[in-house]
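In my numbering, the protein residues as written are 21 to 451. Just below is one structure, and these are the notes that go with it.
As structure tokens, then:
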């Protein structure tokens, strides 16, 4: 059934691409290219300097000062001889921030954002991003071809994409489920937090059938190792409600700098307010370093995460273990935070990669080349007062993955996985 979901999605995206990216060509930019790239670089640099939330946190953690390297960054991008080279050289600069939510957007990134954000409410900031991406004719021209490819390379890229899609249709499944201790410990792994609008009905049914099978087991292992995120609603509206025996809730704090895009974002967020330092100090342990960082921020927002009991769920009464590693990121990271601080599960594995507090990153369009940039927009703080994008979430039980790790597809592979076996040991010893 995965093919039944994927193929209509491909057709829809192709139709969307034809509509969005075909238009009469706008007049060429009259500015010399050296001026265009210098202005676009300064636009991005000023945007990062003013609105990007992690500059000081990165400096405190690593000693690296991104802003101090302005001249070096600019000299790097000024080497570009054409827009394609500029795109990649500017992305090199953004890589220095060491944040996977912050990068130049490829054509595929733009198409995905358009497809997903077209479903947003019209008062949501994501709808504003959607309208900007679809109405900018120069952006359509900038992304008319695959960035940095000749025509023959584009054709090969298309063939490669089709082959990749066909491979994904066949294997691997997004979820794997089997007992790791017969009739005692269940195992469920999730590779990706699929967008709820794309969630395969067969996947839902398969998960629910397995959960019904193990509902009276002493323990369940949920494995999100290698999971880099996706849609938070996968676990807030589907997975955890099907499992939990009690309602769960957690409030997460985010902080924002003042700037053109952040001010526009605030206008769409009724719960986003000026920073209330008294309230923050009551809600979070605020270190001297964090207090100093927050002095440069203007706004705060509380993200209420709620999981209700699914009336058709299993109300699991046993122990739950969540397996994590350094690849756990974004919405999967949010699950790790939530599971740890609501005591939904015991975390086993290695520290996560973080950046799981907050909502989707911001997108801006460069004024001359009209490429799009995506960047982290908020400083997310974990309940222990740490900056989640810097520290990640620490497991309760530290166990490293085996060499050349991949998620197990059957119990025989799981027997050689020290993280799974440690969780099994914990489960059986507590029973």
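Beta carbons: idealized from backbone N, C-alpha and C, even for Gly. Please read all numbers here as calculations on a predicted model, not as lab measurements.
Residue 292 (DSSP reduced to helix, strand or coil): Taking the chain shown and counting its residues from 1, one reaches residue 292 at position 272. Collapsing the DSSP output to three states places residue 292 in coil.
Helix, strand or coil at residue 15 according to DSSP, with G and I counted as helix: Since the displayed the chain opens at 21 and closes at 451, residue 15 lies outside it and no answer follows.
Distance CB(residue 393)-CB(residue 125) smaller than 8 angstroms: The sequence position of residue 393 within the chain shown is 373, counting from 1. The sequence position of residue 125 within the chain shown is 105, counting from 1. Cβ atoms of residue 393 and residue 125: closer than 8 angstroms.
Member of 418, 234 and 146 whose CA lies at the smallest distance from the CA of residue 285: Counting from one through the chain shown, the residue named residue 285 turns up at place 265. Nearest option by C-alpha distance: 146.
Minimum length 3: unbroken beta strand (DSSP E) runs contained in the region 254 to 304: The region 254 to 304 contains these whole beta strand (DSSP E) runs: 268 to 276.
Cβ-based neighbour list, residue 318, same chain, cut-off 7 angstroms, excluding 5 preceding and 5 following: Position 298 of the chain shown, counting from 1, holds the residue named residue 318. Correct list, in chain order: 276, 277, 278, 294 and 295.
Spatial distance of residue 220 from residue 226 (CA atoms): For this step, residue 220 is matched to residue 200 along the chain shown. For this step, residue 226 is matched to residue 206 along the chain shown. A straight line joining the alpha-carbon of residue 220 with that of residue 226 spans about 10 angstroms.
Contact check, residue 353 vs residue 379, beta carbons under 8 angstroms: By 1-based counting over the chain shown, the position of residue 353 is 333. By 1-based counting over the chain shown, the position of residue 379 is 359. Taking C-beta atoms as the reference points, residue 353 and residue 379 fail to come closer than 8 angstroms.
Nearest-angstrom Cα separation, counted from residue 204 out to residue 291: Position 271 of the chain shown, counted from the first residue, corresponds to residue 291. Position 184 of the chain shown, counted from the first residue, corresponds to residue 204. Distance between the alpha carbons of residue 291 and residue 204 is about 44 angstroms.
Rounded separation between residue 46 and residue 390 - CA only: Within the chain shown, numbered from 1, the residue matching residue 46 stands at position 26. Within the chain shown, numbered from 1, the residue matching residue 390 stands at position 370. One C-alpha to the other measures close to 12 angstroms.
Backbone CA spacing between residue 100 and residue 123 [nearest angstrom]: On the chain shown, position 80 is the one that residue 100 refers to. On the chain shown, position 103 is the one that residue 123 refers to. Distance between the alpha carbons of residue 100 and residue 123: 17 angstroms.
Status (buried if at least 16 other CB within 10 Å, exposed otherwise) for residue 397: As a working mapping, residue 397 is identified with position 377 in the chain shown. A buried status is given to residue 397, since no fewer than 16 other beta-carbon atoms sit within 10 Å of its beta-carbon.
Exposure of residue 364, with buried meaning 16 or more beta-carbon neighbours within 10 Å: The residue labelled residue 364 in the question sits at position 344 within the chain shown. The C-beta of residue 364 has 16 or more other C-beta atoms within 10 Å across all chains shown, which makes the residue buried.
Identity of the residue in 388, 331, 246 and 422 nearest residue 351 by Cα: The count along the chain shown starts at 1 and reaches residue 351 at position 331. Nearest C-alpha to residue 351: 246.
Pick from 234, 252, 314 and 253 that is closest to residue 273, judged by C-alpha positions: Locating residue 273 in the chain shown gives position 253, counting from the first residue. Measuring C-alpha to C-alpha distances from residue 273 to each of 234, 252, 314 and 253 identifies 314 as the nearest.
Residue 90 to residue 260 span [Cα, whole Å]: Residue mapping note: residue 90 aligns to position 70 of the chain shown, counting from 1. Residue mapping note: residue 260 aligns to position 240 of the chain shown, counting from 1. Between the alpha carbons of residue 90 and residue 260 lies a distance of about 45 angstroms.
Contact between the region 67 to 85 and the region 111 to 123 (3+ Cβ pairs under 8 angstroms): Yes, the region 67 to 85 touches the region 111 to 123.
Range covered by the beta strand (DSSP E) that runs through residue 208: In the chain shown, residue 208 corresponds to position 188, counting from 1. From DSSP, the beta strand (DSSP E) with residue 208 extends over 205 to 210.
Under 8 angstroms between C-beta atoms of residue 149 and residue 383: Along the chain shown, one-based indexing puts residue 149 at 129. Along the chain shown, one-based indexing puts residue 383 at 363. With respect to the 8 angstroms criterion, residue 149 and residue 383 are classified as neighbours on the basis of their beta carbons.
Residue nearest to residue 82 in terms of C-alpha spacing, selected from 411, 56 and 425: Your numbering for residue 82 matches position 62 in the chain shown. A check of alpha carbon separations from residue 82 across 411, 56 and 425 identifies 411 as the nearest.
Neighbour-count burial assignment, residue 55, 16 or more Cβ in a 10 Å radius: The sequence position of residue 55 within the chain shown is 35, counting from 1. Exposed is the call here.
Nonlocal neighbours in the same chain, by C-beta distance under 7 angstroms from residue 306, ignoring five residues either side: Position 286 of the chain shown holds residue 306. Result list for residue 306: 300 and 405, in chain order.
Spatial neighbours of residue 407 in its chain, beta-carbon cut-off 6 angstroms, leaving aside the 5 residues before and after: Here residue 407 corresponds to residue number 387 of the chain shown, with the count starting at 1. Closer than 6 angstroms at the Cβ level, and outside the excluded window around residue 407, lie 77.
Residue 106 beta carbon less than 8 angstroms from that of residue 57: In the chain shown, the residue the question calls residue 57 occupies position 37. In the chain shown, the residue the question calls residue 106 occupies position 86. For the 8 angstroms CB-CB criterion, residue 57 and residue 106 form a contact.
Those residues which DSSP pairs with residue 383 across a bridge: Within the chain shown, residue 383 is the residue found at index 363, counting from 1. For residue 383, which the question treats as bridged, DSSP gives the partners 394.
Cβ-based burial, residue 434 [other Cβ within 10 Å; buried from 16]: The residue you call residue 434 lines up with position 414 of the chain shown. Residue 434 comes out buried.
Buried/exposed call for residue 358, threshold 16 Cβ in 10 Å: Walking along the chain shown from the start, residue 358 turns up at place 338. Counting of Cβ neighbours within 10 angstroms places residue 358 among the buried residues, the total reaching 16 or more.
First and last residue of the uninterrupted alpha helix (DSSP H) at residue 163: On the chain shown, position 143 is the one that residue 163 refers to. That residue, residue 163, is in no alpha helix (DSSP H); it is neither H nor E in DSSP.
Three-state secondary structure assigned by DSSP to residue 87: Stepping through the chain shown from its first residue, residue 87 is reached at position 67. When DSSP states are grouped into helix, strand and coil, residue 87 belongs to the helix group.
Reduced DSSP secondary structure (H/G/I, E/B, other) of residue 342: Here residue 342 refers to the residue found at position 322 of the chain shown. Correct three-state label for residue 342: strand.
Nearest neighbour of residue 263, chosen from 449, 395 and 335 [CA to CA]: Numbered from 1 along the chain shown, position 243 holds the residue referred to as residue 263. The candidate whose alpha carbon is nearest that of residue 263 is 335.
Within 8 angstroms, strictly: CB atoms of residue 403 and residue 422: Your numbering for residue 403 matches position 383 in the chain shown. Your numbering for residue 422 matches position 402 in the chain shown. In this structure, residue 422 does not lie closer than 8 angstroms to residue 403 by Cβ.
Coil, strand or helix - residue 117 by DSSP: For the purposes of this step, residue 117 is taken as residue 97 along the chain shown, with counting starting at 1. Residue state for residue 117 is assigned as coil, using DSSP reduced to three classes.
Alpha-carbon to alpha-carbon, residue 429 and residue 343: The residue you call residue 343 lines up with position 323 of the chain shown. The residue you call residue 429 lines up with position 409 of the chain shown. If I take the Cα positions, the gap works out to 15 angstroms.
Rounded straight-line distance, which links the Cα of residue 401 to that of residue 303: Translated into positions along the chain shown, residue 303 becomes position 283. Translated into positions along the chain shown, residue 401 becomes position 381. Their Cα atoms are separated by approximately 11 angstroms.
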